[in-house]
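Just so we're aligned: 135 in my numbering is position 135 of the sequence shown, and the numbers increase by one with no gaps anywhere.
Built from N, CA and C at the ideal position, the CB exists for glycine as well.
Computed from a prediction, not measured in an experiment: that's the story for all the values here.
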Amino acid sequence: MFAVEAKNLKKTFKSKDGDVEAVKDVSFHVNEGEIFSILGPNGAGKSTTILMLTTLLRVTSGKGSILGLDVEKEDKKVREKIGIALQDTGLDNLLTGRELFFTTARLWGFTKQDAETRTSELLELVGLNEAADRRVKTYSGGMKRRLDLGLSLVHKPEVLFLDEPTTGLDPGSRRVLWDEIKRLREDGVTIILTTQYLEEADELADRISIIDNGLVVAEGTPDELKAQIGGDVITFIFNNYEDSKTAKDLILNSEIEGNELRVAVENGAEKIPDLLRKLSEKNLEVTSVSASKPSLDDVFLQVTGYRLEGASDQEVDSEKELSEYE
Ligand SMILES: Nc1ncnc2c1ncn2[C@@H]1O[C@H](COP(=O)(O)OP(=O)(O)OP(=O)(O)O)[C@@H](O)[C@H]1O
Ligand SMILES: [Mg+2]
């Protein structure tokens, strides 16, 4: 049995301006005890997929199941098994961290005594002991995300959904959360985490599904994904965009990015002299050349045709779309 299974999930939002196909066709499975990452840019359909799998949004078509339970037909049972830390939490900022944990535990049906015990355990677990009696509105971004994580754990869920748990955090706070997430996996919790950070997926995930535009475009362990590219990636840097464009026509299967041209080859060290000769024959001046093993960044570029880190234009687009439909 899989911890999570998505089979041809689809979500279409209806609005007066027409339909939005937020998730077109998403399938994957998550094994028990693993960290599975859904990696994709703004607007890819990550949150929509998570919301359907956590019973918070109706499925348009396809099927989702958690530990064999259907998310639509057995939604109540599903909710007992899962913990969720959503991307936009409307935390009640007037309460203290301790009050929030206690209240959440009471809502899950804990007795006063048990709720107090669970509150202390979780404050310790997510490192919020010192700040426990301060109002949440005084917490830093990192502390709030740790609080979100802690609150999703109150009822000891078997499967945990984290929607962009570290977005907007500085590298230090991000690392603290990564360590906590890894510790949860050691305790046997299955974790599904969405991210737009390649580094995060590489560091945490046992397996990754890359989604773009509502579709799965690649899936595998980080190493499998990188091996799909194979060999080495050679990067040439030119003085200007014109030169890199001319060079692109000379080098088969190369990808251009401003002044940079990248090409995946079997053996970088062997290929570089040949390629350099080809470029100098056309009087193209290369300012630097290097060969490296493929990264997830290269995988992403290959399967989507663009770089994730440079996806800021899309951010603007998806925010605009959202405000139109809200
Ligand atoms: N309630 C809604 N009504 C209409 N369109 C929506 C709604 N929710 C999401 N969308 C659209 O569906 C697409 C996918 O959105 P979604 O929030 O799932 O993306 P995401 O991958 O989580 O992005 P982000 O990284 O920005 O959180 C976007 O184009 C978005 O504008
Ligand atoms: Mg999202």
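Under 8 Å between C-beta atoms of residue i and residue j
i: residue 66; j: residue 53; result: yes
i: residue 206; j: residue 84; result: no
i: residue 294; j: residue 229; result: yes
i: residue 146; j: residue 177; result: yes
i: residue 3; j: residue 154; result: no
i: residue 60; j: residue 12; result: yes
i: residue 97; j: residue 123; result: yes
i: residue 14; j: residue 214; result: no
i: residue 156; j: residue 94; result: no
i: residue 33; j: residue 188; result: yes
i: residue 211; j: residue 30; result: no
i: residue 250; j: residue 278; result: yes
i: residue 126; j: residue 180; result: yes
CA nearest to the CA of residue i, picked from the options
i: residue 237; options: 126, 45 and 255; result: 255
i: residue 173; options: 139, 99 and 59; result: 139
i: residue 121; options: 105, 224, 47 and 58; result: 105
i: residue 8; options: 189, 15 and 49; result: 49
i: residue 128; options: 144, 137 and 179; result: 144
i: residue 270; options: 282, 253, 250 and 292; result: 292
i: residue 103; options: 307, 151, 125 and 77; result: 151
i: residue 194; options: 125, 264 and 46; result: 46
i: residue 241; options: 69, 284, 117 and 227; result: 284
i: residue 166; options: 5, 87 and 281; result: 87
i: residue 282; options: 300, 246, 77 and 132; result: 246
i: residue 258; options: 306, 222 and 250; result: 306
i: residue 199; options: 164, 190, 253 and 132; result: 164
Assigned exposure category for residue i - 16 Cβ within 10 Å defines buried
i: residue 196; result: buried
i: residue 262; result: buried
i: residue 113; result: exposed
i: residue 287; result: exposed
i: residue 1; result: exposed
i: residue 22; result: buried
i: residue 182; result: exposed
i: residue 186; result: exposed
i: residue 209; result: buried
i: residue 162; result: buried
i: residue 19; result: exposed
i: residue 290; result: exposed
i: residue 202; result: buried
i: residue 232; result: buried
i: residue 280; result: exposed
i: residue 326; result: Caution is warranted here: a pLDDT of 37 is assigned to residue 326, below 50, making its placement in the model unreliable, and the coordinate value is therefore given only provisionally. Result: exposed.
i: residue 222; result: buried
i: residue 316; result: Because residue 316 sits at a pLDDT of 36, beneath the cut-off of 50, its placement in the model cannot be relied upon, and the following sentence gives the value as read from the coordinates. By the neighbour-count rule (16 or more Cβ atoms within 10 Å), residue 316 is not buried but exposed.
i: residue 313; result: Interpretation of residue 313 is limited by its pLDDT of 38, a score under 50 that renders its predicted location unreliable; the figure taken from the coordinates is listed afterwards. Its Cβ having fewer than 16 others within 10 Å, residue 313 is exposed.
Counterpart residues of residue i in DSSP-defined beta bridges
i: residue 18; result: 15
i: residue 7; result: 63
i: residue 23; result: 11
i: residue 37; result: 193 and 208
i: residue 84; result: 161
i: residue 135; result: 96
i: residue 69; result: 66
i: residue 126; result: The partner list for residue 126 (beta bridge, DSSP) is empty, contrary to what the question assumes.
i: residue 29; result: 5
Curious, which full-length beta strand (DSSP E) runs of at least 3 residues does the segment 190-239 contain?
-> Secondary structure in the segment 190-239: the beta strand (DSSP E) runs of 3 residues or longer, each lying completely within the stretch, are 190-195, 207-212, 215-220 and 232-238 in chain order.
Within the segment 250-306, ranges of the alpha helix (DSSP H) (whole runs, at least 4 residues) = Here the runs fully enclosed are 268-281 and 296-304.
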